[in-house]
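Novice: Residue numbers (our numbering), protein chains in the order written: chain H, 1 to 344; chain B, 1001 to 1344. My structure is below; once you've seen it, I'll send some questions.
Number of protein chains: 2
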Amino acid sequence: MSKDSPATVKQRRNSDQVTLSQVAQAAGVSPITASRALNHPDKVSENARRNVLEAVERLGYVPNLVAGSLASSRSRLIAVIVPSLINTVFVEVIKGLQETLEAEGYQILLGNTDYDLDREYQLVRTFFGWSCSALVTAGLRHNQACHTLLANWDHPIMEVMELGKGMDLNVGLDHVAAGRCMASHLIDRGYRHIVYVGARLTQDYRAGMRYEGHREVLQAQGIEAPLVELDTLGSLQAGAESLTQVLAQHPHTQAIHFANDDLAAGALLAAQRQGLSVPGDIAIAGFNGLPLGQHVTPQLTTILSPREEMGRLAAKELIRRLSGKNVYRRQHDVGFTLQTGGST
Amino acid sequence: MSKDSPATVKQRRNSDQVTLSQVAQAAGVSPITASRALNHPDKVSENARRNVLEAVERLGYVPNLVAGSLASSRSRLIAVIVPSLINTVFVEVIKGLQETLEAEGYQILLGNTDYDLDREYQLVRTFFGWSCSALVTAGLRHNQACHTLLANWDHPIMEVMELGKGMDLNVGLDHVAAGRCMASHLIDRGYRHIVYVGARLTQDYRAGMRYEGHREVLQAQGIEAPLVELDTLGSLQAGAESLTQVLAQHPHTQAIHFANDDLAAGALLAAQRQGLSVPGDIAIAGFNGLPLGQHVTPQLTTILSPREEMGRLAAKELIRRLSGKNVYRRQHDVGFTLQTGGST
DNA sequence: CGCTATCATGATAGCGCTACCATTCCTTTT
DNA sequence: AAAAGGAATGGTAGCGCTATCATGATAGCG
């Protein structure tokens, strides 16, 4: 018996989902015209467009973006990879990205590495599998495999948070300079026994870069630059606890330069509870310019980093690139601002 | 001339992307066996599996998830829709979701409504287009169109944050009860002139629910329950500013029940700056149990809501459902805890 | 030993959409 | 008037993968 008797035709469509072909039929046009009416409205007659849109509405058509992406190998998905969601700075960058990208019809695929570069590599692989239109990642450091993968990818890559020569596009600030800036400020104020306190500097290596800048300035003055590295992630709690530790290890400390505002504010509030005067007994400085720092007494001296702005700018530059425009500058310095409060 | 002379064969593959067929060829098996080796490892011989995995490694194959999703109409994408990313409570829920879902190989598609239900509807439509495996959304309220869309969707829907009868699954807490709880606490402490302060209660309607509970308790005692509604979103700044406003409008105020800890902490810190004693001159209570509240002096009385736990539990329940297990309980109450500090 | 049950594998046919090329019917140009 | 260009539309053939069914090989059974 020959095999060309398909008694039962293969039947795969499971759902009652409305397809573009059905819309096209209802609108009296071909599927491809319906597709164009939705995706390139200027390429069809007004008449066709109106009929298609009307049919879409009437049938409750929801475009199958998966099929569209497969056919066009463009997805309007943007992969965003951050090392942490607890740290609010990344969330603020995401927010800036989000609002700008969503307005242009892009969707965010969110990944969290927990400061693990191998995890980043895995996420990048997965996201590539989604034919993402672009990738945003926090930081310029990647492991070897990830670097290779990124280098061979033919879509825009945006590295944010720190300024430097990256894979492709870059929006960030100079953390070494920020560290120098705060250290200079502390020197100017007359402090000489200054401790830098950071949390997990191998993970939050940008805080490590700020320490480099800090140390540079102190050493240029012939001053030592002791470092206290905490084993927990930065938090109010960790900051509060670190105060005791620092004063025990370095009894002559006049000022503490904290890696971020959470630590600094935690220490400041703890100092108050312990009856220590800030900055009389101990001066405290932070980094980020979180609102909290403005509401404690004395106000926290800190460095304001434009985080949402960084996200928005990164998104705008990506959109420029994705819409085929030439990109003249690949690096964008968003800068930072020293905000002196009463705490130093 | 007949049309069957395809001089130039249509050529669409643009990239040099390695495909599953190439892997299969390299491994000496058919494409479908290669597919099974990767997705259902227990359905192929150990020999085949080893060869395929080796070929994957050697060729640097990255699965095209878009094609896979189209073919299987399953995507391992989970849509997560929140009203805000500024408000840290949602971020913490996302974090709980994220860590649990990623561990199971699901990816998060993130959407932000900015407290706009029409925006939510648009996001839901878009996400459905991605054949998401499930949808997580904050809150039980949707507009009519969105409700219809959700009701007809044949994948799990998880509504988080507030407890109640939702579309499908639900993990949250009872905000009315939380409002009652704090109000009772304030009554117990002897306060009678109590003002509730919230920010944009039509948007943050859960804060409105807490006010309902609050009012219920006060009215049962024959006490009025004045409400001050701010026009900005909750923040330290708004809390600080509200203090003056409340005292001007209600000079006899003994206690302020704030809709959240940001407002409360802002007011508490502002009171200190103004030389007001807390709780002597004015008692202050919040909601959420943010770390900040534990570090101010006096410690903030608040209600602790298990936000990350809420995210984790929601994720676990979704995974149960997605792996075909029976779900016996659709509603999960994560509860809350009154945390009394010195501020009341 | 024949019969069914189980396993490993493969051939085929889509999933729903869009890129590509071809066609038709105008309008413009020289 | 003929040639050239442009706008609107459609036919065809995939995008890269997996569901479905079919097949052959092996095992289990009385």
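The C-beta atom is built at its ideal place from N, Cα and C for all residues, glycine as well.
#1: Could you give the distance in angstroms between the alpha-carbon of G1311 of chain B and the alpha-carbon of T253 of chain H?
#2: Quick one: Cα of S277 of chain H to Cα of Q299 of chain H, how far?
#3: Leaving out five residues on either side along the sequence, give the residues of the same chain with a beta carbon under 6 Å from the beta carbon of A1315 of chain B.
#4: Quickly, what does DSSP pair Q339 of chain H with across the bridge? List them, please.
#5: Start and end of the beta strand (DSSP E) containing F258 of chain H?
#6: Just verifying my parser: in three-state terms, what is the DSSP assignment at G111 of chain H?
#7: For the segment 66-114 of chain H, which segments carrying the alpha helix (DSSP H) assignment without a break, of at least 4 residues, lie completely within its bounds, in sequence order?
#8: Spell out a yes or no on whether the segment 1164-1184 of chain B and the segment 1229-1242 of chain B are touching, meaning 3 or more CB-CB pairs, one atom from each, closer than 8 Å.
#9: Could you give the DSSP three-state label for Y328 of chain H: helix, strand or coil?
#10: Counting only the same chain and skipping the five closest in sequence on each side, list residues whose C-beta sits under 7 Å from that of L1304 of chain B.
#11: Hey, could you find the ends of the beta strand (DSSP E) A199 of chain H is sitting in?
#12: Given a limit of 7 Å on CB to CB distance, which residues of the segment 1106-1139 of chain B reach chain H?
#13: So that I know if they touch, is there some Cβ in chain B lying closer than 8 Å to that of K3 of chain H?
#14: Quick one: give me the first and last residue of the alpha helix (DSSP H) that G1129 of chain B is part of.
#15: What are the boundary residues of the beta strand (DSSP E) that N170 of chain H is part of?
#16: Does D154 of chain H pass the burial test, meaning 16 or more other C-beta atoms within 10 Å, or should it be called exposed?
#17: Cβ of L1322 of chain B less than 8 Å from any chain H Cβ?
#18: Nearest-angstrom Cα distance between R321 of chain H and V44 of chain H?
#19: Reducing DSSP to helix, strand and coil, say where N39 of chain H ends up.
#20: If you measure between the beta carbons of T202 of chain H and I284 of chain H, is that distance less than 8 Å?
#21: Quick check: is the beta carbon of P1298 of chain B nearer than 8 Å to any beta carbon in chain H?
#22: Note down, in chain order, each residue of its chain lying with its Cβ closer than 8 Å to the Cβ of L988 of chain B, except the 5 sequence neighbours on either side.
#23: Based on DSSP bridge pairs, tell me the residues matched to V136 of chain H.
#24: Can you find at least 3 beta carbon pairs, one from the segment 239-247 of chain H and one from the segment 264-283 of chain H, that sit closer than 8 Å?
#25: Ends of the alpha helix (DSSP H) at E229 of chain H?
#26: Determine, for S1075 of chain B, whether the minimum Cβ-Cβ distance to residues of chain H falls below 8 Å.
#27: Anyone know if the C-beta pair for A79 of chain H and C132 of chain H falls short of 8 Å?
#28: Closest Cβ-Cβ distance between N63 of chain H and chain B: below 8 Å?
#29: How big is the Cα-Cα spacing for V228 of chain H and A138 of chain H?
#30: Would Y1191 of chain B and A1255 of chain B be called neighbours here (beta carbons separated by less than 8 Å)?
#31: Among H:A37, H:Y61, H:L59, which has the Cα closest to the Cα of R50 of chain H?
#32: If you draw a straight line from the alpha carbon of V124 of chain H to that of V1052 of chain B, how long is it in whole angstroms?
#33: With DSSP as the reference, please indicate the residues paired to I1284 of chain B in a beta bridge.
#34: DSSP three-state call for A1240 of chain B: helix, strand or coil?
#35: Show which residues of chain B have a CB atom less than 9 Å away from the CB atom of Q98 of chain H.
#36: At a CB-CB cut-off below 7 Å, which residues of chain B make contact with R273 of chain H?
Specialist: On the basis of the coordinates in this document:
#1: Position 311 of the second sequence, counted from the start, is the residue given in the question as residue 1311 of chain B. Position 253 of the first sequence, counted from the start, is the residue given in the question as residue 253 of chain H. Cα to Cα, the separation comes out at about 42 Å.
#2: Residue numbering aside, residue 277 of chain H sits at position 277 when the first sequence is read from its first letter. Residue numbering aside, residue 299 of chain H sits at position 299 when the first sequence is read from its first letter. Answer to the nearest angstrom: the Cα atoms are 13 Å apart.
#3: The residue given as residue 1315 of chain B occupies position 315 in the second sequence. Here the set comprises L1097, T1100, L1101.
#4: On the first sequence, residue 339 of chain H is found 339 positions in, with the first residue counted as 1. Answer is H:T302, bridged to Q339 of chain H.
#5: As a first step, residue 258 of chain H must be located in the first sequence, where it is residue number 258. Its beta strand (DSSP E) spans residues 255-258.
#6: Reading the first sequence from its first residue, position 111 is the one you call residue 111 of chain H. Strand at G111 of chain H.
#7: 88-103
#8: no
#9: Indexing the first sequence from 1 puts residue 328 of chain H at position 328. It is coil, neither helix nor strand.
#10: Start at 1 with the first residue of the second sequence, and residue 1304 of chain B comes out as number 304. Here the set comprises G1289, F1336, T1337, Q1339.
#11: Counting from one through the first sequence, the residue named residue 199 of chain H turns up at place 199. It spans 194-199 - the beta strand (DSSP E) in which A199 of chain H sits, taken as one unbroken run.
#12: Q1107, I1108, L1109, L1110, N1112, R1125, T1126, F1128, G1129, W1130, S1131
#13: Mapped onto the first sequence, residue 3 of chain H falls at position 3. Bear in mind that the predicted position of K3 of chain H carries a pLDDT of just 35, short of 50, making it too unreliable to give a figure here.
#14: Numbered from 1 along the second sequence, position 129 holds the residue referred to as residue 1129 of chain B. From DSSP, the alpha helix (DSSP H) with G1129 of chain B extends over 1117-1129.
#15: Translated into positions along the first sequence, residue 170 of chain H becomes position 170. Here the beta strand (DSSP E) through N170 of chain H covers 169-173.
#16: Here residue 154 of chain H refers to the residue found at position 154 of the first sequence. Burial call: exposed.
#17: Counting from one through the second sequence, the residue named residue 1322 of chain B turns up at place 322. So, not an interface residue.
#18: Locating residue 321 of chain H in the first sequence gives position 321, counting from the first residue. Locating residue 44 of chain H in the first sequence gives position 44, counting from the first residue. One C-alpha to the other measures close to 26 Å.
#19: For the purposes of this step, residue 39 of chain H is identified with residue 39 of the first sequence, where counting begins at 1. Looking at N39 of chain H - three-state DSSP - the assignment turns out to be helix.
#20: Here the question's residue 202 of chain H lines up with position 202 in the first sequence. Here the question's residue 284 of chain H lines up with position 284 in the first sequence. No. Outside cutoff.
#21: For the purposes of this step, residue 1298 of chain B is taken as residue 298 along the second sequence, with counting starting at 1. It does not; no Cβ of chain H falls within 8 Å.
#22: The structure shown has nothing for residue 988 of chain B, since chain B only spans 1001 to 1344.
#23: The sequence position of residue 136 of chain H within the first sequence is 136, counting from 1. Paired residue(s): H:V80, H:M158.
#24: yes
#25: For the purposes of this step, residue 229 of chain H is identified with residue 229 of the first sequence, where counting begins at 1. No alpha helix (DSSP H) holds E229 of chain H; the beta strand (DSSP E) holding it covers 227-230.
#26: Looking up residue 1075 of chain B in the second sequence gives position 75. True, the Cβ-Cβ gap to chain H drops below 8 Å.
#27: Taking the first residue of the first sequence as position 1, residue 79 of chain H is located at position 79. Taking the first residue of the first sequence as position 1, residue 132 of chain H is located at position 132. In contact: A79 of chain H and C132 of chain H (Cβ atoms closer than 8 Å).
#28: Position 63 of the first sequence, counted from the start, is the residue given in the question as residue 63 of chain H. Here the sequence assigns Pro to residue 63 of chain H, which means Asn is not the residue at that position. So, interface residue.
#29: Position 228 of the first sequence holds residue 228 of chain H. Position 138 of the first sequence holds residue 138 of chain H. If you take the alpha carbons of V228 of chain H and A138 of chain H, they lie about 25 Å apart.
#30: As a first step, residue 1191 of chain B must be located in the second sequence, where it is residue number 191. As a first step, residue 1255 of chain B must be located in the second sequence, where it is residue number 255. Their beta carbons are under 8 Å apart, which means Y1191 of chain B touches A1255 of chain B by this criterion.
#31: One-based indexing of the first sequence puts residue 50 of chain H at position 50. Nearest option by C-alpha distance: H:A37.
#32: Within the first sequence, residue 124 of chain H is the residue found at index 124, counting from 1. Within the second sequence, residue 1052 of chain B is the residue found at index 52, counting from 1. So the two alpha carbons sit approximately 22 Å from each other.
#33: As a working mapping, residue 1284 of chain B is identified with position 284 in the second sequence. Beta-bridge pairing links I1284 of chain B to B:I1256.
#34: Position 240 of the second sequence, counted from the first residue, corresponds to residue 1240 of chain B. Helix, per DSSP.
#35: Residue numbering aside, residue 98 of chain H sits at position 98 when the first sequence is read from its first letter. Per Cβ cutoff of 9 Å: L1085, L1110, G1111, N1112.
#36: Within the first sequence, the letter at position 273 stands for residue 273 of chain H. Correct list: T1297.
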